[in-house]
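Take any residue in the sequence shown, note its place counting from 1, add 40, and you have its number in the numbering used here.
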Amino acid sequence: QMVLDAIEMARASRGTHLDGLRCHSDAGSQFTSLRYGERLAEIGATPSIGTVGDSYDNALAETTNGYYKAELIRGPIRDQLGPWKSVEDVELATLSWVHWHNTERLHGYLGDLPPAEYEQAHYAAQRTDQPLVGIQ
Numbered sequence: 041q042m043v044l045d046a047i048e049m050a051r052a053s054r055g056t057h058l059d060g061l062r063c064h065s066d067a068g069s070q071f072t073s074l075r076y077g078e079r080l081a082e083i084g085a086t087p088s089i090g091t092v093g094d095s096y097d098n099a100l101a102e103t104t105n106g107y108y109k110a111e112l113i114r115g116p117i118r119d120q121l122g123p124w125k126s127v128e129d130v131e132l133a134t135l136s137w138v139h140w141h142n143t144e145r146l147h148g149y150l151g152d153l154p155p156a157e158y159e160q161a162h163y164a165a166q167r168t169d170q171p172l173v174g175i176q
């Protein structure tokens, strides 16, 4: 369900149909879920999964999952709060971590910008590179 919720958040912020979106995840049960597959197809997204034991084609997802586990699940937050008390606690903390990761966390690969800022700059550059068309 959390993956579907994340897909909904992406769709809500970027439009109703996301052609070319590839949803990265591990080889979990969501890939056998009819609802999951239907939801991805509905918004134009496709699942991405490699062969078992081969994460090279899914390196970004594996890296992000590693950050998530190191920074949140097993990281300083857990040290401060103690063991997770419920699934709901993990879900709420995950939502906060995803927001922080996308809007505040500096990513070296993106020139030390958060992903949201990098994406805005990317699309702004595309818009300004196109010549204006005059109406007669």
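Beta carbons are placed, not taken as given, at the ideal position from N, Cα and C, and that holds for glycine.
- Cα atoms of Lys-125 and Ala-165: separation of roughly 45 Å, rounded to the nearest angstrom.
- DSSP, reduced to helix, strand and coil, places Arg-75 within a helical segment of the structure shown.
- Between the segment 112–120 and the segment 133–145, the count of C-beta pairs closer than 8 Å reaches three or more; the two stretches touch.
- In the structure shown, the three-state DSSP call for Arg-62 is strand.
- Spanning the alpha carbons of Asn-105 and Glu-157 requires a straight line of approximately 21 Å.
- Among the bridge pairs identified by DSSP, His-147 is matched with Leu-153.
- Closest option to His-141, judged by alpha-carbon separation, among Thr-103, Gly-84, Ile-83, Ile-175: Thr-103.
- With a contact defined as Cβ atoms closer than 8 Å, Leu-153 and His-147 qualify at about 7 Å.
- In the three-state scheme derived from DSSP, where H, G and I count as helix and E and B as strand, Pro-123 is classed as coil.
- In this structure Leu-80 is buried. Its beta-carbon is surrounded by 16 or more other beta-carbon atoms within 10 angstroms.
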